[in-house]
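Count along the sequence shown from 1, then add 27; that gives the number in the working numbering. Each residue gets a CB set at the ideal place from its N, CA and C atoms; glycine is no exception. To keep things clear, I will list the structure first and then write my remarks on it.
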Amino acid sequence: MLKGENLGYRYGSKQRWILRNYSLTLSPGQRLGLYGPSGYGKTTLAKLLAGYLTPMEGLITIDGTPLPTQGYSPIQLIFQNPELAVNPRWRIHQILSEAGTPDPVRSGGDLSQHLQLLSIDPRWLNRWPHELSGGELQRIAVARALGSPTRYLICDEMTAMLDANTQALIWQAVLTVTRQRHLGLLVISHNYDLLERVCDQILDLTVSVNYG
Numbered sequence: 028m029l030k031g032e033n034l035g036y037r038y039g040s041k042q043r044w045i046l047r048n049y050s051l052t053l054s055p056g057q058r059l060g061l062y063g064p065s066g067y068g069k070t071t072l073a074k075l076l077a078g079y080l081t082p083m084e085g086l087i088t089i090d091g092t093p094l095p096t097q098g099y100s101p102i103q104l105i106f107q108n109p110e111l112a113v114n115p116r117w118r119i120h121q122i123l124s125e126a127g128t129p130d131p132v133r134s135g136g137d138l139s140q141h142l143q144l145l146s147i148d149p150r151w152l153n154r155w156p157h158e159l160s161g162g163e164l165q166r167i168a169v170a171r172a173l174g175s176p177t178r179y180l181i182c183d184e185m186t187a188m189l190d191a192n193t194q195a196l197i198w199q200a201v202l203t204v205t206r207q208r209h210l211g212l213l214v215i216s217h218n219y220d221l222l223e224r225v226c227d228q229i230l231d232l233t234v235s236v237n238y239g
């Protein structure tokens, strides 16, 4: 179980608390939605749970153990803008290798299935990130995040900037893989209709966030 207990965070000692005394649990196989408009700490919470930020108060654990600080994280976070989440100096196959597969072209198993589910053209693998569209690059980011060690997936407005067809393709792939592997899924969005379609429970930050 992924658990955040009594979390508190603010950007600077004199700034207001973005989150305070906030707790959340995510179980394997659970699909949890997190709803709220801009300014309610959604992205901050995502970064805390994924280990990108260290909480100023509280504790985050997986099965009672603190988050790992090295190696491939079992908690993967997919951002809205894939351009900011990949190394622009790496070719696509190098980016995918971060999922723990040294050669995504020849390797079978999970990654090959993910490339098919996400309709990733094998010809993309030797290209640079700037040679792909935003939707194509986001599919790469999703495939990377679904590496074999992943146990929990956090999607922060993952498809908000994409066309309807690409949104549907990505969500179908994510839901298929999370069901097959019993992954915990946290979906963060200001789109309540989307959360109702893909999640089995929704938390509303407008009524559940505590500030300092």
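Nearest residue (CA-CA) to residue i, options the options
{"i": "S65", "options": "G35, N48, Q228, D183", "result": "D183"}
{"i": "A172", "options": "L123, Q97, L72, G85", "result": "L123"}
{"i": "P115", "options": "A168, L94, Y49", "result": "A168"}
{"i": "G78", "options": "Y67, I215, K69, P93", "result": "P93"}
{"i": "L72", "options": "Y49, I89, G91, P55", "result": "Y49"}
{"i": "L51", "options": "L86, A191, G63, H141", "result": "L86"}
{"i": "S139", "options": "A170, N218, L213", "result": "A170"}
{"i": "Q245", "options": "L221, L222, R178, Y219", "result": "Residue coverage of the chain in this structure runs from 28 to 239, which leaves residue 245 outside it and unanswerable."}
{"i": "K74", "options": "H141, R118, L180", "result": "L180"}
{"i": "L29", "options": "G211, R224, D231, Y219", "result": "G211"}
{"i": "V214", "options": "P149, A191, Q103", "result": "Q103"}
{"i": "P109", "options": "Q121, R154, W155, G161", "result": "G161"}
{"i": "N153", "options": "Q143, H120, L142, H141", "result": "H120"}
Rounded Cβ spacing between residue i and residue j (contact assumed at less than 8 Å)
{"i": "L59", "j": "Q228", "result": "5 Å"}
{"i": "L76", "j": "G31", "result": "6 Å"}
{"i": "L34", "j": "E84", "result": "7 Å"}
{"i": "V225", "j": "L189", "result": "Contact doesn't hold; Cβ gap of about 15 Å is too wide."}
Cβ shell of residue i (< 6 Å), same chain only, five flanking positions each side left out
{"i": "R37", "result": "W44, I45"}
{"i": "A209", "result": "Residue identity differs from the one stated: residue 209 is His in this sequence, not Ala. Excluding sequence neighbours, H209 sits near P55, G56."}
{"i": "M185", "result": "I105"}
{"i": "A187", "result": "Q107"}
{"i": "L80", "result": "K74"}
{"i": "Y219", "result": "Y62"}
{"i": "H141", "result": "A170, L173"}
Residue burial classification, residue i (beta-carbon count within 10 angstroms, cutoff 16)
{"i": "A200", "result": "buried"}
{"i": "V113", "result": "buried"}
{"i": "L111", "result": "exposed"}
{"i": "E158", "result": "exposed"}
{"i": "S100", "result": "buried"}
{"i": "Q57", "result": "buried"}
{"i": "S216", "result": "buried"}
{"i": "G91", "result": "exposed"}
{"i": "T96", "result": "exposed"}
{"i": "R47", "result": "buried"}
{"i": "T205", "result": "buried"}
{"i": "P82", "result": "buried"}
{"i": "K69", "result": "buried"}
Neighbourhood of residue i by C-beta, 7 Å cutoff - its chain only, sequence neighbours within 5 removed
{"i": "E163", "result": "W151"}
{"i": "T88", "result": "K30"}
{"i": "E125", "result": "R171"}
Contacting residues, own chain, Cβ-Cβ under 8 Å from residue i (five flanking each side not counted)
{"i": "T233", "result": "Y62, G63, P64, Y67"}
{"i": "L196", "result": "L145, S146, R166"}
{"i": "P129", "result": "Note that P129 scores a pLDDT of 48, beneath 50, so its modelled location is shaky and nothing firm can be said."}
{"i": "R118", "result": "L152, N153, R154, W155"}
{"i": "L230", "result": "L51, L59, G60, L61, Y62"}
Chain B contact for residue i (CB, 9 Å cutoff)
{"i": "Q107", "result": "Reference to chain B is not applicable here, since this structure consists of a single protein chain."}
Residue i: CB within 8 Å of a non-hydrogen atom of the ligand FMN
{"i": "R150", "result": "For the ligand FMN, the structure offers nothing, since it holds no ligand at all."}
Mind listing, in chain order, the continuous alpha helix (DSSP H) runs of no fewer than 4 residues lying wholly within the region 62-134? Runs found: 69-77, 119-123.
Ignoring anything shorter than 3 residues, give me the beta strand (DSSP E) runs that lie fully in the region 128-192, in order along the chain. If we require 3 residues or more, the beta strand (DSSP E) runs fully inside the region 128-192 come out as 179-183.
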